[in-house]
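K.L.:
Pasting a structure below so you can have a look.
There are 2 protein chains.
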Amino acid sequence: MFSQTVEYALRAVVHLAMRRSEPQTTAMIAESTKVPTAYLSKVLQGLRAKGIVNLQRGLGGGVSLAIPPDKLTILDVVTAVDPIPRIRTCPLELKSHGVRLCALHFRMDAALSKVEDAFRSTTLAELLTDPNPSVPLCNSSEDEETSTPPAIDE
Amino acid sequence: MFSQTVEYALRAVVHLAMRRSEPQTTAMIAESTKVPTAYLSKVLQGLRAKGIVNLQRGLGGGVSLAIPPDKLTILDVVTAVDPIPRIRTCPLELKSHGVRLCALHFRMDAALSKVEDAFRSTTLAELLTDPNPSVPLCNSSEDEETSTPPAIDE
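So the sequences go chain by chain: A and B.
Taking the numbering used here, the leading residue of the first sequence gets 108, the next gets one more, and so forth.
Taking the numbering used here, the leading residue of the second sequence gets 108, the next gets one more, and so forth.
Now the structure itself:
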């Protein structure tokens, strides 16, 4: 239900929120978010156009958040790249309905509204300080130790 | 965010719930729901496969609801044709996360869960008895009177 673009944009801003001390290269973001570089570049351009990230070219440049993580909500990011398609007018284009949605479309829109509300109520800072043991984008060291060793060509 | 298939399936079952006294033809449903007939046929096959509608061929046959409107929820219909894609495991396939979602994916899944909850709590019967003045799939007569008359070739 959430587009690939939304998923990738959220991964990218989480990466940037976790590493604010120095600008990140697209390659660094691509590696930690597991997003194909070409797709990531388009997503970052979209985020830049909406003022979510800064892109600085050249030496010492890179990608950084343009908004502090405690001021940036999940909804801000989603709306920047692929807004929740709220139902504002009758999808059947019935003239008598117009903006007065019938019960069906009113309920469908209400569900979309709940998604917006949930995303509006969570900042990037809250995601990073969540006590959840699974850290976004990161394999735990425990897992590294117990993971299957890479196969070796003989 | 909701697929065309979901939108069309919901229109079709609303039509059937409003006209339970006699089986409907695909052409009748297509006309009132404004769904292309070929697309509608596929949607109805999907609903039949999941036991939401009955399709009877031949004289006196047609399409009808297989479940009473007061027992059929919006979620039943959505799940039959295009289920809400809940996030069950780490989309990055991080081994240490697995089913223990990080804060980001936990919040995204929680939003999807709210959509399911909203759809689970509404039956087709409730949609039809809603006091909303815009009746699903129907232009009001008031609108018919005030609409622009069709152009006449001279």
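A virtual CB, placed ideally from N, CA and C, is assigned to each residue, including glycine.
1. Glycine 158(A) bridges to which residues according to DSSP?
2. Is it a yes or a no for the segment 218-234 of chain A touching the segment 172-184 of chain A, going by three-plus beta-carbon pairs under 8 Å?
3. If you reduce the DSSP assignment to three classes, tell me which class threonine 230(B) lands in.
4. Mind checking the segment 210-235 of chain A against chain B and listing, in chain order, the residues whose C-beta falls within less than 7 Å of any C-beta there?
5. In chain order, what residues of the same chain lie with their CB nearer than 8 Å to the CB of serine 123(A), ignoring the 5 residues before and after it?
6. Which residues of the segment 183-206 of chain A have a Cβ closer than 7 Å to any Cβ of chain B? Give them in chain order.
7. In chain B, which residues lie less than 9 Å from serine 241(A) when you measure between Cβ atoms?
8. Per DSSP, which one or two residues make a beta bridge with threonine 132(B)?
9. Any beta-carbon of chain A closer than 9 Å to the one on arginine 88(B)?
10. According to a CB-to-CB cut-off of less than 7 Å, which residues of the segment 120-144 of chain B neighbour chain A?
11. Does isoleucine 181(A) come within less than 9 Å of chain B when only Cβ atoms are used?
12. When you compare the CB positions of alanine 116(B) and glycine 153(B), do they come within less than 9 Å of one another, or not?
13. For valine 113(A) and arginine 155(A), I'd like the C-alpha separation in whole angstroms.
14. Return the Cβ separation of proline 243(B) and valine 121(B) in integer angstroms, given the expectation that the two are a contact with Cβ distance under 8 Å.
15. By the DSSP assignment, the alpha helix (DSSP H) with leucine 201(A) in it spans what residues?
16. For alanine 134(A), count neighbouring Cβ atoms within 10 angstroms of its own Cβ and tell me buried if that reaches 16, exposed if not.
P.N.:
In brief:
1. Answer is none; glycine 158(A) lacks a bridge partner.
2. yes
3. strand
4. Ala210, Leu211, Phe213, Arg214, Met215, Ala217, Ala218, Leu219, Lys221, Val222, Ala225, Phe226, Thr229, Leu234
5. According to the sequence displayed, residue 123(A) carries leucine and not serine. Once the five neighbours on either side are set aside, the close Cβ partners of leucine 123(A) are Gln131, Ile136, Val160, Val170, Ser171, Leu172.
6. Ile191, Pro192, Pro198, Leu199, Leu201, Lys202, Ser203, His204
7. Cys197, Leu201, Ser203, His204, Gly205, Arg207, Leu208, Cys209, Ala210, His212, Phe213
8. BP columns for threonine 132(B) are empty, so no partner.
9. What is shown of chain B runs 108 to 261, which leaves residue 88(B) out entirely.
10. Val121, Lys141
11. yes
12. yes
13. 14 Å
14. 5 Å
15. Run containing leucine 201(A): none; DSSP gives neither H nor E here.
16. exposed
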